[in-house]
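Novice: This is the structure, below, for whatever I ask next.
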Amino acid sequence: MAENKLKAKGAAFNELSSKEKSKKVIDLLLNNAMYIIIVLAVIYISIKVPAFIKLPSIVNVISLTAAKLPIALGIGGCIVLTGTDISAGRVVGLTACISASLLTTTFKVFPNMTSAPPIIVVLLLVLVVGGLVGLVNGFSVAKFKLHPFIVTLSTQLIVYGIILMYLMNGTNNGQTLSGLTEGYRSLITGTLFSIPTATGSVAVPKYVLYSIILVVVMWVIWNKTTFGKNMFAVGSNEEAANVSGVNVSKTIMMVFVLAGMMYAVTGFLDGARIASANANTGLNYECDAIAACVIGGVSFVGGIGRISGIVVGVLLLQIIFAGLNFLAVDANMLYIIKGLIILIACAIDMRKYLVKK
Amino acid sequence: MEKQITSSDSKNVLLKMEGICKDFPGVKALDNVSLTVRAGTVHALMGENGAGKSTLMKCLFGVYNKDSGHIYLEGKEINFKTSKEALENGVAMVHQELNQALKRNVMDNMWLGRFPKISKWCPLTSEKKMYDATKEVFEELEVNVDPKTVMSRMPVSQRQMVEIAKAVSFHSKVIVFDEPTSSLTEEEVEHLFRIINMLRDRGCGIIYISHKMEEILRISDDVTIMRDGQWVATRPAKELTMNEIIRLMVGRELTNRYPVKDNKVGDTILQVKNLTAQYSQLRDVSFEAKAGEVLGVAGLDGSGRTELLENIFGIATRKEGEIYLHGKQVMNRNARESLANKFAMLTEERRATGIFGILDIQANTTISSLPKYKKGPLLNDKLLSESTEWGIKAMRTKTPTQKTQIRSLSGGNQQKVILARWLLTEPEVLLLDEPTRGIDVGAKYEIYQLILDLAKQGKTVIMVSSEMPELLGVCDRILVMSGGRLSGEVSAQETSQEEIMTLAAKYA
Amino acid sequence: MDELKQETQQSKTPPLRGLYSKVNISVRTLNIIIVVLVILLIGCMAFGIKKGGFRVTFDTQGGTVVEMQTRMYGELLEAPEAPTREGFVFEGWFRDPAATMPWNIEEDAVTESMTLYAGWQQT
Numbered sequence: 001m002a003e004n005k006l007k008a009k010g011a012a013f014n015e016l017s018s019k020e021k022s023k024k025v026i027d028l029l030l031n032n033a034m035y036i037i038i039v040l041a042v043i044y045i046s047i048k049v050p051a052f053i054k055l056p057s058i059v060n061v062i063s064l065t066a067a068k069l070p071i072a073l074g075i076g077g078c079i080v081l082t083g084t085d086i087s088a089g090r091v092v093g094l095t096a097c098i099s100a101s102l103l104t105t106t107f108k109v110f111p112n113m114t115s116a117p118p119i120i121v122v123l124l125l126v127l128v129v130g131g132l133v134g135l136v137n138g139f140s141v142a143k144f145k146l147h148p149f150i151v152t153l154s155t156q157l158i159v160y161g162i163i164l165m166y167l168m169n170g171t172n173n174g175q176t177l178s179g180l181t182e183g184y185r186s187l188i189t190g191t192l193f194s195i196p197t198a199t200g201s202v203a204v205p206k207y208v209l210y211s212i213i214l215v216v217v218m219w220v221i222w223n224k225t226t227f228g229k230n231m232f233a234v235g236s237n238e239e240a241a242n243v244s245g246v247n248v249s250k251t252i253m254m255v256f257v258l259a260g261m262m263y264a265v266t267g268f269l270d271g272a273r274i275a276s277a278n279a280n281t282g283l284n285y286e287c288d289a290i291a292a293c294v295i296g297g298v299s300f301v302g303g304i305g306r307i308s309g310i311v312v313g314v315l316l317l318q319i320i321f322a323g324l325n326f327l328a329v330d331a332n333m334l335y336i337i338k339g340l341i342i343l344i345a346c347a348i349d350m351r352k353y354l355v356k357k
Numbered sequence: 358m359e360k361q362i363t364s365s366d367s368k369n370v371l372l373k374m375e376g377i378c379k380d381f382p383g384v385k386a387l388d389n390v391s392l393t394v395r396a397g398t399v400h401a402l403m404g405e406n407g408a409g410k411s412t413l414m415k416c417l418f419g420v421y422n423k424d425s426g427h428i429y430l431e432g433k434e435i436n437f438k439t440s441k442e443a444l445e446n447g448v449a450m451v452h453q454e455l456n457q458a459l460k461r462n463v464m465d466n467m468w469l470g471r472f473p474k475i476s477k478w479c480p481l482t483s484e485k486k487m488y489d490a491t492k493e494v495f496e497e498l499e500v501n502v503d504p505k506t507v508m509s510r511m512p513v514s515q516r517q518m519v520e521i522a523k524a525v526s527f528h529s530k531v532i533v534f535d536e537p538t539s540s541l542t543e544e545e546v547e548h549l550f551r552i553i554n555m556l557r558d559r560g561c562g563i564i565y566i567s568h569k570m571e572e573i574l575r576i577s578d579d580v581t582i583m584r585d586g587q588w589v590a591t592r593p594a595k596e597l598t599m600n601e602i603i604r605l606m607v608g609r610e611l612t613n614r615y616p617v618k619d620n621k622v623g624d625t626i627l628q629v630k631n632l633t634a635q636y637s638q639l640r641d642v643s644f645e646a647k648a649g650e651v652l653g654v655a656g657l658d659g660s661g662r663t664e665l666l667e668n669i670f671g672i673a674t675r676k677e678g679e680i681y682l683h684g685k686q687v688m689n690r691n692a693r694e695s696l697a698n699k700f701a702m703l704t705e706e707r708r709a710t711g712i713f714g715i716l717d718i719q720a721n722t723t724i725s726s727l728p729k730y731k732k733g734p735l736l737n738d739k740l741l742s743e744s745t746e747w748g749i750k751a752m753r754t755k756t757p758t759q760k761t762q763i764r765s766l767s768g769g770n771q772q773k774v775i776l777a778r779w780l781l782t783e784p785e786v787l788l789l790d791e792p793t794r795g796i797d798v799g800a801k802y803e804i805y806q807l808i809l810d811l812a813k814q815g816k817t818v819i820m821v822s823s824e825m826p827e828l829l830g831v832c833d834r835i836l837v838m839s840g841g842r843l844s845g846e847v848s849a850q851e852t853s854q855e856e857i858m859t860l861a862a863k864y865a
Numbered sequence: 866m867d868e869l870k871q872e873t874q875q876s877k878t879p880p881l882r883g884l885y886s887k888v889n890i891s892v893r894t895l896n897i898i899i900v901v902l903v904i905l906l907i908g909c910m911a912f913g914i915k916k917g918g919f920r921v922t923f924d925t926q927g928g929t930v931v932e933m934q935t936r937m938y939g940e941l942l943e944a945p946e947a948p949t950r951e952g953f954v955f956e957g958w959f960r961d962p963a964a965t966m967p968w969n970i971e972e973d974a975v976t977e978s979m980t981l982y983a984g985w986q987q988t
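Residue numbers (my numbering), protein chains in the order written: chain A, 1 to 357; chain B, 358 to 865; chain C, 866 to 988.
Structure below.
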């Protein structure tokens, strides 16, 4: 069927005049500029450094994608509401610090503790913490009608302050938290399965599985629940949603709470993944996540976005950065490249919806 | 068609619009309209809502591109691209709704976009020049306002004076007043008329748009009447009476543009008592509606028609008043509560508060009745698409698939999708605000048919419309609103447009 | 009166809300901007790749100076001439100043910019 569609499109294309044809081609090129650049870059990199398309590197990219997916899934919802959330990275930091301070063998933050609490308790705790920050964001956006940018800017600062104070607690004195329990580490980074290669085997970590589960859960929430449908309606036209009997404030708050919980999961995974947590854990994660969402077609126009798009967006972004890392590009230059990618992605997104006027 | 402009008048013609046509998708908004304004006269432009008055003015100011026709200013053909260009060429407009920077002071607003420079070589703006120039214009117009007053501190009437002063400061030759007296007190109206008379004596041509007939007869020299996007008549005001104007404005005979009315009116099910709004002028409205009845609400723009529906549905804040459905009081504090109480509302601004433009038909159809499609905690795709399919079939919506974005449909089909949305909530009372606005004639007929079908099923339909023939053709009874109050209730069979017009002007 | 124009434009097209509701740019200009940005991005990447390479500096912690080396991802370092220091014997290169995490020059591949520290044994 897809083939027929393509054929039909091709036939329609042939009927156009040459001027219209060139216009169509330009449209196609510009609207997909981001993908074209990434594909070209990947081709170039794999020629230059063949190791880039070898199995260990591919598993590495997939693992990194899995680690960055939950936060992007959370922010995706905020963007569907035409908002954004720049407190995400700091919430990841806070929850990573909480996880690392509790599931440890040294207890620097809580010197009176002797044994680590059950992992599930810690997970629930960080979910509550993330959800609370999300609730504050959501409440301010829904009730005060403040722009999410301003709201999350302030919660970002507040959460950062809390992280710093939290790390000064006990005998820790602001140090990096490490010495995590074996149970916590193996639950997250333990081997899901190994792929044998000529020179040994490559292990796929367990958190890849958790990310896949989260993707499925979020897909169900977005597509199969009343809440998901309401979210798209509010993002598309808030006033119409209100008239149609959608509880707009509740929907906005729930989107932010859900996002906060996703950041908490990211933090929980990141603590074990990096095997340590400090005040800079999660720094700038929100930039990557927002960029990934926009590349993946979650539009700032509102009401548009798909989970599959977010997954592709995160994957593409990780591929390009892993590739640039292979070419040993300066870390400082990577910031500039990241900024440009976000800018181009937004400009292309804007273009798509301007053209349709 | 009548035309009575004598040849001696044509000498000092200032503005001449000839054979203006403008098509919107599905609607002929202007059909060969002509308008001639003589220097030193006030020319009134009259017509029902939607007769094409504002479209004509928008063509003059370049907001819309006219499809055909010519505009001459002092004999020279003009074709303005923007309202700024029009202003610079001496054609100004005083809007009904003022577009001003309220946080800035009077002179900033007067000179916005053309601040005077201190001198040729000094690009800084000169406060003093601005102040003096403003003062000068104000003295001319006998306006007693300090140019440094902040706009938001002044009453609407004075803000309007600033707008007029701005037009004067451009040395405008043609000034259009769009319903200038709608928010003025009698005293302020007198002042406005003095200014208009003064401008007229200076040789300006004034185009005056208003619904208020006494004003028109008092101030204007010529009157042009439009109807359905067509020019009907241009006559000296002296020769016209109020009844004559109404006859010309309404003028058309009822044809079978409406389906046969075969709904049966049942018992009273809805009672509204002393409804008064908190933030709008709506006050003390009481009425009853029966099962299977189509109840019309007529009135001029801003008479509180929309506010009435919004207050019943709970999307505007009520101050006082009670609503009873089947004798039981319902609160309807917000849309969700109203929905649960079996009310439904089609809003006036379809694009702003009706459709979810980028979402598909299915999402647009099912959004208000989502809980119905739940199986366990999740929504069931099959139920969703079945309901949507029902909506498309029942409304005879023309759409390729359920997954089509609603904004790619025509206005009439969009309206049908929204109607389907509300029918899926199984309402007993349907509030329809301008259900046929921006819809072409064929689709209108289908919407009327749907409304009558609903009434036949025993539902109560309350329908607001600016188009009186539509109300007369579809409704059983008609409530007439005027100035936020209920000014009358008439039976659609026995009343006439003239009677409704008179009632609508009662408190205006 | 320009507001009037905007108002009517909005009513003619479905309202696109969100962050782009006030976008005031033509498609043509936007195309040019996108092309410029893409060229800029490619330029940055090319520049980064050309200038690329991880810089490995050697901190001899009081010994004779050893020159830094630039390596690509996964490449090995070239063993530098062992530094000398009065009263100490050179032990090898380490990731940390305290000389606890050794770096095997022949085997360990470079994956980031870093500093290697010399380890000394007092004689």
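We put the CB at the ideal spot given by N, CA and C, even for glycine.
Remember, predicted model here, so these are calculated numbers, not experimental data.
Ends of the alpha helix (DSSP H) at B/ALA655?
Specialist: For this step, residue 655 of chain B is matched to residue 298 along the second sequence. B/ALA655 -> not in any alpha helix (DSSP H); beta strand (DSSP E) instead, spanning 651-655.
Novice: Could you check what DSSP says for B/THR663 in three-state terms: helix, strand or coil?
Specialist: Residue mapping note: residue 663 of chain B aligns to position 306 of the second sequence, counting from 1. DSSP places B/THR663 in helix when its eight states are reduced to three.
Novice: List the whole-angstrom C-beta distance separating B/ASP585 from B/ALA408, where the pair is believed to meet the contact cut-off of C-beta under 8 Å.
Specialist: Stepping through the second sequence from its first residue, residue 585 of chain B is reached at position 228. Stepping through the second sequence from its first residue, residue 408 of chain B is reached at position 51. With 8 Å as the limit, B/ASP585 and B/ALA408 qualify as a contact, their Cβ atoms being about 6 Å apart.
Novice: I believe B/TYR421 touches B/LYS379 by the beta-carbon criterion, under 8 Å. Please report the beta-carbon distance rounded to the nearest angstrom.
Specialist: Translated into positions along the second sequence, residue 421 of chain B becomes position 64. Translated into positions along the second sequence, residue 379 of chain B becomes position 22. Right, their Cβ atoms sit about 6 Å apart.
Novice: With DSSP as the reference, identify every bridge partner of A/ILE188, one or two as the case may be.
Specialist: Here residue 188 of chain A refers to the residue found at position 188 of the first sequence. Answer is none; A/ILE188 lacks a bridge partner.
Novice: Excluding five sequence neighbours on each side, which residues of the same chain lie with their C-beta closer than 6 Å to the C-beta of A/ARG185?
Specialist: On the first sequence, residue 185 of chain A is found 185 positions in, with the first residue counted as 1. Taken in chain order, the residues that qualify are ALA272.
Novice: Under DSSP, the alpha helix (DSSP H) around A/ALA72 begins and ends at which residues?
Specialist: Here residue 72 of chain A corresponds to residue number 72 of the first sequence, with the count starting at 1. Where A/ALA72 is concerned, the enclosing alpha helix (DSSP H) stretches over 55-80.
Novice: Is C/MET933 close to chain A, meaning its C-beta is less than 8 Å from at least one C-beta of that chain?
Specialist: One-based indexing of the third sequence puts residue 933 of chain C at position 68. Taking Cβ atoms only, chain A never reaches closer than 8 Å to C/MET933, which makes this a no.
Novice: Which runs of the beta strand (DSSP E), 3 residues or longer, sit entirely within the stretch 698-729 of chain B?
Specialist: For the stretch 698-729 of chain B, whole beta strand (DSSP E) runs of length 3 or above, ordered along the chain, are 700-703.
Novice: Assess, as a yes-or-no matter, whether the stretch 125-135 of chain A is touched by the stretch 59-67 of chain A under the definition of 3 or more beta carbon pairs within less than 8 Å.
Specialist: No, they do not touch.
Novice: Taking C-beta to C-beta, are A/ILE358 and A/ALA88 nearer than 8 Å?
Specialist: With chain A covering 1 to 357 only, the question about residue 358 of chain A has no answer from this structure.
Novice: Does any C-beta atom of chain A lie closer than 8 Å to the C-beta of B/LEU682?
Specialist: As a first step, residue 682 of chain B must be located in the second sequence, where it is residue number 325. Taking Cβ atoms only, chain A never reaches closer than 8 Å to B/LEU682, which makes this a no.
Novice: Where B/ASN689 and B/ASN668 are concerned, what is the direct C-alpha to C-alpha distance, given to the nearest angstrom?
Specialist: Taking the second sequence and counting its residues from 1, the one referred to as residue 689 of chain B is at position 332. Taking the second sequence and counting its residues from 1, the one referred to as residue 668 of chain B is at position 311. Near 9 Å, if we compare the C-alpha coordinates of B/ASN668 and B/ASN689.
Novice: How is the beta strand (DSSP E) around B/HIS568 delimited, first residue to last?
Specialist: Stepping through the second sequence from its first residue, residue 568 of chain B is reached at position 211. Taken as a continuous stretch (DSSP letters only), B/HIS568 belongs to no beta strand (DSSP E), as it is neither H nor E.
Novice: In the structure shown, what three-state DSSP assignment does A/TYR44 receive?
Specialist: Counted from its first residue, the first sequence places residue 44 of chain A at position 44. Helix.
Novice: Closest to A/PRO196 by CA distance: which of A/LEU55, A/VAL42, A/PRO205 is it?
Specialist: Sequence index remark: in the first sequence, residue 196 of chain A carries index 196 (1-based). Among A/LEU55, A/VAL42, A/PRO205, the Cα nearest to that of A/PRO196 belongs to A/LEU55.
Novice: At a threshold of 7 Å, does B/ASN770 count as lining the ligand GTP (C-beta to nearest heavy atom)?
Specialist: Summarising the ligand content, the structure contains no ligands, and the ligand GTP is consequently not present.
Novice: Work out the CA separation of B/MET570 and B/GLU824 for me, nearest whole Å.
Specialist: Mapped onto the second sequence, residue 824 of chain B falls at position 467. Mapped onto the second sequence, residue 570 of chain B falls at position 213. Computed Cα separation, rounded: 19 Å.
Novice: Please check the pair B/GLN771 and B/ILE712, which I expect to be a contact at CB under 8 Å, by giving their CB distance rounded to whole angstroms.
Specialist: Taking the second sequence and counting its residues from 1, one reaches residue 771 of chain B at position 414. Taking the second sequence and counting its residues from 1, one reaches residue 712 of chain B at position 355. Rounded, the Cβ-Cβ distance is 5 Å, consistent with contact.
Novice: State the Cα-Cα distance for the pair B/THR745 and B/ASN554, rounded to the nearest angstrom.
Specialist: Position 388 of the second sequence holds residue 745 of chain B. Position 197 of the second sequence holds residue 554 of chain B. Each residue's Cα considered, the two are about 60 Å apart.
Novice: Between the stretch 834-843 of chain B and the stretch 630-644 of chain B, are three or more C-beta pairs nearer than 8 Å?
Specialist: Yes, the stretch 834-843 of chain B is in contact with the stretch 630-644 of chain B.
Novice: Is the Cβ of A/TYR285 closer than 8 Å to any Cβ of chain C?
Specialist: Translated into positions along the first sequence, residue 285 of chain A becomes position 285. Not an interface residue.
Novice: Is B/PRO473 helix, strand or coil when you go by DSSP?
Specialist: By one-based count along the second sequence, residue 473 of chain B stands at place 116. If DSSP states are grouped into helix, strand and coil, B/PRO473 belongs with coil.
Novice: Closer than 8 Å, Cβ to Cβ, to anything on chain A: give me those residues from the stretch 712-734 of chain B, in chain order.
Specialist: Listed in sequence order: ILE712, PHE713, GLY714, ILE715, LEU716, ALA720, THR723, ILE724, SER725, LEU727, PRO728, LYS731, PRO734.
Novice: Kindly list the residues whose CB is nearer than 8 Å to the CB of B/THR704, restricted to its own chain and excluding five residues on each side of it in sequence; keep chain order.
Specialist: Within the second sequence, the letter at position 347 stands for residue 704 of chain B. Here the set comprises THR710, GLY711, ASP790.
Novice: Less than 8 Å between the beta carbons of B/PHE401 and B/SER567, yes or no?
Specialist: Translated into positions along the second sequence, residue 401 of chain B becomes position 44. Translated into positions along the second sequence, residue 567 of chain B becomes position 210. Reading the sequence as shown, one finds Ala at residue 401 of chain B and not Phe. Yes, they are a contact pair.
Novice: Identify each residue in the stretch 770-782 of chain B for which the Cβ-Cβ distance to at least one residue of chain A is less than 8 Å, and report them in chain order.
Specialist: Listed by position, the residues of the stretch 770-782 of chain B near chain A (Cβ gap below 8 Å) are ARG778, THR782.
Novice: Going by DSSP, name the residue or residues bridged to B/TRP588.
Specialist: Taking the first residue of the second sequence as 1, we reach residue 588 of chain B at position 231. According to DSSP, which records beta bridges pairwise, B/TRP588 is partnered with B/MET583.
Novice: At the level of alpha carbons, what is the spacing between B/SER483 and A/SER244?
Specialist: Along the second sequence, one-based indexing puts residue 483 of chain B at 126. Along the first sequence, one-based indexing puts residue 244 of chain A at 244. Approximately 52 Å, taken between the alpha carbons.
Novice: Just to make sure I have the definition right: I need the residues of chain A whose C-beta is within less than 7 Å of the C-beta of C/ILE898. Which are they?
Specialist: Here residue 898 of chain C corresponds to residue number 33 of the third sequence, with the count starting at 1. Neighbours of C/ILE898 on chain A, chain order: ALA347.
Novice: At least one CB of chain A closer than 8 Å to the CB of B/THR704: is that the case?
Specialist: For this step, residue 704 of chain B is matched to residue 347 along the second sequence. Closer than 8 Å to some Cβ of chain A, the Cβ of B/THR704 qualifies, so yes.
Novice: Under a CB-based cut-off of 8 Å, is B/LEU740 close to chain A?
Specialist: As a first step, residue 740 of chain B must be located in the second sequence, where it is residue number 383. No, B/LEU740 does not count as interfacial toward chain A.
Novice: Taking buried to mean at least 16 other C-beta atoms within 10 Å of its own C-beta, is A/GLY179 buried or exposed?
Specialist: As a first step, residue 179 of chain A must be located in the first sequence, where it is residue number 179. It is exposed - the Cβ of A/GLY179 has fewer than 16 other Cβ atoms within 10 Å.
Novice: Any beta-carbon of chain B closer than 8 Å to the one on A/SER249?
Specialist: On the first sequence, residue 249 of chain A is found 249 positions in, with the first residue counted as 1. No, its Cβ sits nowhere closer than 8 Å to a Cβ of chain B.
Novice: Going straight from the alpha carbon of A/SER236 to that of A/LEU69, what length do you get?
Specialist: What you label residue 236 of chain A is simply residue 236 of the first sequence in a count that begins at 1. What you label residue 69 of chain A is simply residue 69 of the first sequence in a count that begins at 1. Roughly 24 Å separates the two Cα atoms.
Novice: Which chain A residues sit within Cβ distance under 9 Å of B/ARG690?
Specialist: In the second sequence, residue 690 of chain B corresponds to position 333, counting from 1. Residues of chain A passing the Cβ test: none, with the nearest at roughly 12 Å.
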